[in-house]
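In numbering that gives the first Met the number 0, the protein residues as written are 0 to 622.
In what follows, a structure is listed as structure tokens, so that the remarks can point back to it.
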Amino acid sequence: MSTTPATAARETDPRSAVRTLLRLWPYVRPVRVRLFTAAGVAVVASCVGLVIPLVLKWMVDGPVADRDPAGVWLGALYLLLLGLTEALLFGLRRWLVARPLSHVEAEMRAGLYRHLQRLPVAFHDRWASGQLLSRGTTDLMLLRMFLAFPLTFLLVNGVTILVGVIIMLAQDWTLGVVILGPVVPMIVMCVVFEKRYADVARLAQDQVGDLTTVVEEGVLGIRIIKGFGRHRSQARAFRELSATLRGTELRKARLLAAIWAVIVTLPEVAIGAALVVGAVQVADGELSAGTLVAFLSTALALRWPVESIGFLLAMSQEAATATERYFEVMDELPESTTPVAVAGGGMRKDAGAAVAAEVTVPADGASKGADAGGIRFESVSFRYPDAPPGSPPVLDRVDLHIRPGESLALVGATGSGKTTLTALVPRLHEVTEGRITLDGEDIRAMSRAELRAKVAVAFEEPTLFSASVGENVLMGAGPDAGPDDLDRALAVAQADFVHALPQGTATQVGEQGHSLSGGQRQRLALARAVVGRPRFLVLDDPLSALDVHTEAAVEAALRQVLADTTALIVAHRPSTVLLADRVALLSGGRITAVGTHHELLRTNAEYAHLMSGAEEYQEDPTR
Ligand SMILES: Nc1ncnc2c1ncn2[C@@H]1O[C@H](COP(=O)(O)OP(=O)(O)OP(=O)(O)O)[C@@H](O)[C@H]1O
Ligand SMILES: [Mg+2]
């Protein structure tokens with residue numbers, strides 16, 4: 000959990016912060032005019048500040064030396080005006096950038112969210128949710144701050160320092176050379192710092208992701224944690240991770256302190272040296288007092304631009320890391336929305352080609368025709384992408400035909416691959432070999448939208464969203480489904496309890512539906528699966544949490560729905576199996592027997608064994 004899949008790749012790939020940050024350009028482009036204007040305004044404001052020492056010089060060498068009070072007042076007025084202009088311009092800059100940058104952040108966040116929705120299930124299996132969460136929050140905030148501040152000020156301060164140095168050299172080049180003395184060691188220090196800081200910043204941001212994962216798991220699993228009294232160990236895990244993060248943050252702080260010390264001390268020493276040299280020159284009459292004043296005030300005015308470089312670089316480095324982390328997710332290939340060209344049946348061009356599913360498929364025209372209707376698995380093999388090499392595939396050349404209008408129960412020992420097999424039909428995972436056809440058409444030849452409109456699913460874990468009961472159910476239907484469809488679906492799923500809820504179907508279910516019982520959630524998930532009157536229905540043990548009477552009622556209602564629907568139903572209990580026309584037994588990654596429940600009970604020992612435990616239990620509930 001502590002590493003993301005991208006971490007390994009990163010270590011071998013030396014990166015450049017600038018190149019990484021340049022990837023932000025497409026998002027910044029729409030607001031570039033404002034951003035550049037703001038930077039221009041800031042440069043002008045900063046240079047206005049540099050005129051102040053020149054006015055001081057004029058005052059010291061002119062009115063002050065001549066003891067002319069009117070001239071001094073005039074000088075003071077100039078200074079006031081210059082100060083005001085500088086302040087107003089900086090205010091204008093802030094106003095210019097605030098709105099467009101929040102727009103950039105929002106756009107990037109929306110882009111990330113859209114992309115996450117389109118990424119395949121295999122991606123989500125691999126990535127910890129906290130890592131994704133932290134990328135969508137902390138990292139994007141860092142980016143907005145970078146665009147608002149360090150980006151502009153690295154430029155502004157760079158220009159200011161350059162102009163200031165030119166002014167100082169023009170005042171007196173010997174003093175200028177004294178001031179410039181520390182430049183080379185400072186540049187060397189900054190380069191070293193950049194490199195070190197980059198590594199620590201990346202570590203810290205990854206650790207924030209891990210910490211987010213722990214917090215998220217802790218909140219979602221609060222029932223288990225409390226039920227098993229695990230809050231101490233959970234708190235310990237949290238403390239350990241946050242101590243690690245704190246350690247990393249302290250390393251960052253130490254690095255920053257070191258560079259800061261150098262950046263503050265060296266210029267101070269240089270200014271001190273210039274003061275001594277300048278004072279000697281003034282005493283010798285080689286330099287006017289006004290020039291020395293102007294020189295030193297210019298040097299002092301440059302102190303802040305120079306000192307800020309340390310943390311501007313640090314913030315830029317963090318932004319580069321954030322950009323890198325953002326694009327690690329954005330660079331993952333989404334599921335293609337366009338159909339893949341499939342040899343044999345229903346050929347269409349794959350414009351996206353994002354999913355590299357160029358699979359060799361037997362091009363048998365024979366599979367067309369009456370016999371090809373329904374759901375057909377043709378030598379389907381499947382292996383999880385992250386399965387260790389050499390391990391046997393979860394599904395191994397599965398052949399299965401569910402005839403149109405038929406319902407087929409899928410039975411198998413736990414862990415035999417039933418859920419995996421059902422997930423292949425709506426293409427939550429891609430088959431490794433072979434193909435699946437719906438009414439003769441390869442599922443890869445359909446667009447995902449088309450496929451998912453045809454196939455409805457309900458999984459073992461009924462997932463509900465924080466929305467109303469009605470919205471949760473209607474999620475399974477097209478946009479034109481109405482209250483009648485909702486009522487019919489609720490009736491089929493025997494979810495009448497909904498009408499007894501405080502606001503009926505408008506009642507909000509809490510996060511993940513935790514305000515409902517397990518059986519209630521299952522029935523809503525079932526209602527969601529049937530509400531769109533799908534051609535194909537895939538149910539993964541949909542009735543496991545129901546009592547026998549409710550199950551019987553759901554079955555009776557389902558029979559009506561299933562009459563014109565082709566259904567694949569994963570079942571553990573004989574009562575669920577009896578709902579189906581035929582049963583298939585999944586064992587060792589293969590379909591080892593197909594037949595009616597009673598046939599298989601008689602002829603297949605493994606099936607009889609799987610079902611017997613359940614039957615005994617049902618016949619003797621006191622056990
Ligand atoms: N995302 C995944 N990545 C890697 N392996 C997985 C993944 N999901 C499941 N597996 C493995 O695939 C095998 C089949 O799992 P599956 O969930 O399909 O079993 P099942 O038949 O549905 O079991 P059950 O009856 O307990 O629900 C198991 O060995 C499991 O460890
Ligand atoms: Mg399962």
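The C-beta atom is built at its ideal place from N, Cα and C for all residues, glycine as well.
Identity of the residue in the options nearest residue i by Cα
| i | options | result |
| --- | --- | --- |
| Ser446 | Glu470, Glu334, Ala544 | Glu334 |
| Leu95 | Arg33, Tyr606, Asn156 | Arg33 |
| Gln170 | His513, Leu53, Gln116 | Leu53 |
| Ala386 | Ala121, Pro184, Pro266 | Ala121 |
| Glu239 | Ala127, Val214, Lys251, Ile221 | Val214 |
| His114 | Gly208, Ala97, Glu460, Arg134 | Arg134 |
| Asp438 | Val424, Glu432, Thr431 | Val424 |
| Val268 | Leu179, Ala257, Gly220, Thr211 | Leu179 |
| Leu139 | Thr151, Glu377, Gln204, Gln521 | Gln204 |
| Gly289 | Thr419, Leu81, Asp60 | Asp60 |
| Thr564 | Glu405, Leu427, Val456, Leu500 | Glu405 |
| Tyr196 | Val281, Val553, Leu311 | Leu311 |
| Pro392 | Leu538, Arg382, Pro461, Ala109 | Arg382 |
| Ala566 | Phe192, Ile374, Phe227 | Ile374 |
| Leu23 | Asp479, Phe326, Gly228 | Phe326 |
| Glu193 | Ala476, Ala257, Leu146, Pro29 | Ala257 |
| Ala127 | Val164, Thr212, Pro68 | Thr212 |
| Thr431 | Val379, Ser467, Ile401 | Val379 |
| Thr591 | Leu557, Ala570, Leu577, Ser415 | Ser415 |
| Leu255 | Arg426, Ala313, Ala86, Ala494 | Ala313 |
| Pro384 | Gly228, Leu427, Leu21, Pro68 | Leu427 |
Sequence-distant residues of its chain with Cβ nearer than 7 angstroms to residue i (five each side left out)
| i | result |
| --- | --- |
| Gly411 | Lys417, Leu584, Leu585, Ser586 |
| Gly517 | Ala544 |
| Ala200 | Lys251, Gln316, Glu317, Thr320 |
| Pro266 | Pro181, Arg302, Val305 |
| Met474 | Arg527 |
| Val43 | Leu88 |
| Ser241 | Leu210 |
| Arg166 | Here residue 166 is Ile; the residue named in the question, Arg, does not match the sequence. Excluding positions up to five away in sequence, the list reads Leu49, Thr297. |
| Ala75 | none |
Cβ-Cβ separation, residue j to residue i (assumed contact under 8 angstroms), whole Å
| i | j | result |
| --- | --- | --- |
| Val497 | Ser465 | Wrong, their Cβ atoms sit about 16 angstroms apart, outside the cutoff. |
| Thr19 | Thr322 | 5 angstroms |
| Pro533 | Ala455 | 4 angstroms |
| Val27 | Val103 | 6 angstroms |
| Glu331 | Leu118 | 6 angstroms |
| Val71 | Val63 | 6 angstroms |
| Asp395 | Arg589 | 5 angstroms |
| Asp484 | Ala492 | Wrong, their Cβ atoms sit about 13 angstroms apart, outside the cutoff. |
| Val529 | Val560 | 5 angstroms |
Residues of its chain near residue i, where Cβ-Cβ distance is below 6 angstroms and the 5 sequence neighbours each way are ignored
| i | result |
| --- | --- |
| Thr84 | Val47 |
| Ala41 | Arg92, Thr151, Val155 |
| Arg143 | Leu100, Glu104 |
| Ala607 | Leu600 |
| Ser15 | none |
| Leu489 | Val497, Ala526 |
| Pro461 | Arg520, Gln521, Ala524 |
| Ile270 | Ala298 |
| Ala352 | Residue confidence for Ala352 is low, a pLDDT of 37 falling below 50, so the modelled location carries little weight; the figure read from the coordinates is stated next. Nothing listed; no residue qualifies. |
| Met107 | Tyr26, Leu139 |
| Ala562 | none |
| Asn603 | Ala592 |
Close beta carbons around residue i, own chain, < 8 angstroms, minus the five adjacent residues each side
| i | result |
| --- | --- |
| Leu463 | Asn471, Val508, Gln511, Gly512, Leu515, Arg520, Leu523, Ala524 |
| Ile308 | Leu153, Asn156, Cys189, Ile262 |
| Val207 | Ser133, Thr137, Leu244 |
| Leu219 | Gln511 |
Going residue by residue through the segment 155–210, where are the continuous alpha helix (DSSP H) segments of at least 4 residues, counting only ones entirely within it?
172–179
Any residues whose CB sits closer than 7 angstroms to a heavy atom of ligand 2? List them in chain order?
Lys417, Thr418, Glu459, Asp539, Asp540, Val569
Which complete alpha helix (DSSP H) runs does the segment 276–340 hold, if anything under 4 residues is left out?
288–300, 302–329
Which full runs of the beta strand (DSSP E) of 3+ residues lie inside the segment 416–448, going along the chain?
432–437
May I have a chain-ordered list of the beta strand (DSSP E) segments no shorter than 3 residues that lie completely inside the segment 377–417?
394–401, 406–411
I'd like the ranges of any beta strand (DSSP E) spanning at least 3 consecutive residues and lying wholly in the segment 502–561.
535–539
My parser needs the alpha helix (DSSP H) runs of 4 or more residues fully inside the segment 240–279; what are they?
none
Threshold first: 4 residues or longer. Then list the alpha helix (DSSP H) segments lying entirely within the segment 568–601, N to C.
573–576
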